[in-house]
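Count the sequence shown with the UniProt record's numbering and you get residues 1 to 224, in order. Idealized CB from N, CA, C, for every residue including glycine. Only a predicted model underlies this, so the values are computations on that prediction, with no experimental measurement involved. Here the structure is laid out as structure tokens; the discussion comes afterwards.
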Amino acid sequence: TLFCLPFAGGGASAYNQWAKKMQGKVTVCPVQLPGREEQIMEKPYIDMSVMLDDLEEAVRKVVYGPYALWGHSMGGKIAYELEKRLEAAGYTAKCLFISGSRVPSIPEPNPIYHLPDEEFKRELGRFEGTPKEVLENQELLDFFLPMLRADFTMDETYYDKAGIVLHTPIAAFGGEKDGEADESAILEWGKYTDNDFNYRIFPGGHFYLRDCEDEVISEVMRLL
Numbered sequence: 001t002l003f004c005l006p007f008a009g010g011g012a013s014a015y016n017q018w019a020k021k022m023q024g025k026v027t028v029c030p031v032q033l034p035g036r037e038e039q040i041m042e043k044p045y046i047d048m049s050v051m052l053d054d055l056e057e058a059v060r061k062v063v064y065g066p067y068a069l070w071g072h073s074m075g076g077k078i079a080y081e082l083e084k085r086l087e088a089a090g091y092t093a094k095c096l097f098i099s100g101s102r103v104p105s106i107p108e109p110n111p112i113y114h115l116p117d118e119e120f121k122r123e124l125g126r127f128e129g130t131p132k133e134v135l136e137n138q139e140l141l142d143f144f145l146p147m148l149r150a151d152f153t154m155d156e157t158y159y160d161k162a163g164i165v166l167h168t169p170i171a172a173f174g175g176e177k178d179g180e181a182d183e184s185a186i187l188e189w190g191k192y193t194d195n196d197f198n199y200r201i202f203p204g205g206h207f208y209l210r211d212c213e214d215e216v217i218s219e220v221m222r223l224l
């Protein structure tokens, strides 16, 4: 089972095509966080540790065999922290896939979570995760604002100076033009495992996944 964790402002639908493209060889389980898509009316998490308590409990209920974790951007940090907890409970993932994410010991250099609404909205354009139709529709943007701010608060205030070394293999992926997590940031993940470390840089920016999905999926399947 491959558990897929979302980026800030994203939902489980980002992984809609993965199961089909993996042709049943891997069971794909996209994780839906509250405050988006079909759970839009639920209150989003603002505290990483509270969310991890709930996630760990949910994952442990369904893990009966080999599993792996995938997370993009904010999801990469969540996946690392989740695996840290799962290993402490006696589990070990077949692989931890980290995409477009800095290591926990590097704080967010340009946070936006604390900005006033208008500035926050402007800065969202820096990231490619929020759809253009949302950014250009004031009413829609205001509707999604609490969820977006909650995600960015959780993502940008997360910091773990020590950083525990895991026993699971880590595969770290990134986009060659990603200003949020460049190649040197991706390589840092090698220090977070005492097992195998693989990395791959794809053409594109922070959301290189959108253009390279097939290549990413085949690389994930190769490593599983």
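Whole-Å CB distance - residue i paired with residue j, under 8 angstroms assumed
i           : j      : result
Lys84       : Ala68  : Actually they do not touch by this definition, with Cβ atoms about 15 angstroms apart.
Asn195      : Pro169 : 4 angstroms
Gly163      : Val103 : 7 angstroms
residue 279 : Val28  : The structure shown does not extend to residue 279, since the chain is modelled only from 1 through 224, so no value can be given for it.
Gly33       : Glu56  : Checking the sequence shown, residue 33 turns out to be Leu, not Gly. No, Leu33 and Glu56 are not in contact; Cβ-Cβ is about 14 angstroms, not under 8 angstroms.
Leu135      : Trp70  : Not really, about 26 angstroms apart at Cβ, beyond 8 angstroms.
Thr130      : Leu166 : No, Thr130 and Leu166 are not in contact; Cβ-Cβ is about 31 angstroms, not under 8 angstroms.
Glu219      : Arg200 : 6 angstroms
residue 227 : Ala12  : Outside the modelled stretch of the chain, which goes from 1 to 224, sits residue 227, for which no answer is possible.
Cβ-based burial, residue i [other Cβ within 10 Å; buried from 16]
i      : result
Ser105 : exposed
Met74  : buried
Met147 : buried
Trp210 : Here the sequence assigns Arg to residue 210, which means Trp is not the residue at that position. With fewer than 16 other Cβ atoms within 10 Å, it is exposed.
Arg60  : exposed
Tyr45  : buried
Leu41  : Sequence check: residue 41 is Met here, not Leu. Met41 is exposed by the Cβ-count criterion.
Leu140 : exposed
Arg222 : exposed
Asp155 : buried
Arg36  : buried
Arg149 : buried
Asp151 : buried
Ala8   : buried
Coarse secondary structure for residue i, derived from DSSP in three states
i           : result
Gly71       : strand
Arg200      : strand
Cys29       : strand
residue 233 : Beyond the ends of the chain as shown, which are 1 and 224, falls residue 233; an answer cannot be given.
Leu224      : coil
(message) So within the region 110 to 179, which uninterrupted beta strand (DSSP E) runs reach at least 3 residues, ignoring any that extend past its ends?
(response) 170 to 175
(request) Pair every Cβ in the region 72 to 83 with every Cβ in the region 97 to 117, then say whether three or more of these pairs are closer than 8 angstroms. (result) yes
(request) May I ask you to verify whether the region 202 to 211 touches the region 177 to 190, counting CB pairs closer than 8 angstroms and requiring at least 3? (result) yes
(request) Count the C-beta pairs between the region 141 to 161 and the region 186 to 196 that are closer than 8 angstroms, then say yes if the count reaches three, no if not. (result) no
(message) For the region 123 to 131 against the region 22 to 32, do three or more pairs of beta-carbon atoms, one drawn from each stretch, fall closer than 8 angstroms, so that the two count as touching?
(response) no
(request) Output the residue ranges of the alpha helix (DSSP H) runs that lie fully inside the region 10 to 66 and measure 4 residues or longer, sorted by chain position. (result) 18 to 21, 48 to 62
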